[in-house]
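In full-length UniProt numbering, the protein residues as written are 1 to 210. Here the structure comes first, spelled out in structure tokens, and everything after it is commentary.
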Ligand code: VGL
Ligand code: ZN
């Protein structure tokens with residue numbers, strides 16, 4: 001697997017304070033991915049970060065849906081949507097990258113979820129499955145054909161980024177020890193199975209870069 005070939009990019013999904021322990025939508029052990037991703041990012045010529053970046057009052061926040069508990073489901077015009085605690089509000093400390101994440105080698109930061117009425121899990125398309133973030137075009141222009149993914153959370157933003165990466169014709173490798181899951185009702189296992197079924201390669205950081 002040509003992990004470090006010129007046509008391969010590392011895409012780091014949502015390693016932000018709110019998704020790490022102590023944050024508003026903390027993923028268990030989420031900060032454990034930071035040293036692994038730092039080690040990887042030193043080895044890639046192309047590094048992209050995504051940043052969940054919601055306006056206050058975003059439609060995915062349970063707080064704006066009277067009577068709805070965080071982690072319950074609602075129906076959006078584009079389909080079913082989990083309602084989340086308020087998180088990653090634009091410009092707040094919770095939306096910042098984890099302070100220990102090495103961002104110096106990142107050449108592109110894709111902000112997503114900024115439209116008030118559409119959530120965006122994937123790095124490529126918002127949850128309406130139609131609105132593009134522009135990342136596919138950026139990677140195509142850079143000659144990238146393979147993306148290596150890690151970050152938070154395995155079962156939401158990493159999952160949809162991996163599936164959409166395959167859908168736009170990229171080879172995709174998930175670095176399983178560089179991800180952590182929210183895991184609502186078995187969603188981690190479901191995500192891993194769905195990604196495998198879509199042709200996503202699953203590897204450890206050691207297997208990938210030695
Ligand atoms: C995410 C839920 C809401 C993620 C983002 O990064 O996986 N999950 N917003
Ligand atoms: Zn979000």
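Positions of the beta carbon are idealized from the N, C-alpha and C atoms, including for glycine.
- Query: Under three-state DSSP, which class holds residue 126?
  - Reply: Coil.
- Pull up the CB-CB distance for residue 110 and residue 166, whole angstroms please, since I reckon it's below 8 angstroms. About 18 angstroms; that fails the 8 angstroms criterion.
- Query: In three-state terms, what does DSSP make of residue 186?
  - Reply: coil
- Query: Which partner residues of residue 107 appear in the DSSP bridge assignment?
  - Reply: BP columns for residue 107 are empty, so no partner.
- Task: Enumerate in chain order the residues of its own chain whose CB-to-CB distance from residue 116 is below 8 angstroms, with the five nearest sequence positions on each side excluded.
- Result: 55, 57, 58, 59
- Query: When the distance is taken between beta carbons, is residue 146 closer than 7 angstroms to residue 7?
  - Reply: yes
- Item | residue 144, DSSP secondary structure in three states | coil
- For residue 48, which option in 77, 86, 123 has the closest C-alpha, if you only look at C-alpha atoms? Considering only alpha carbons, the answer is 123.
- Query: By DSSP, does residue 172 sit in helix, in strand, or in coil?
  - Reply: strand
- Message: Short of 8 angstroms in beta carbon distance, which residues of its chain neighbour residue 202, apart from the five on each side in sequence? Order them along the chain.
- Response: 173, 174, 176, 192, 195, 196
- Query: Between which two residues does the beta strand (DSSP E) carrying residue 93 extend?
  - Reply: Note, residue 93: premise wrong, no beta strand (DSSP E); not H, not E.
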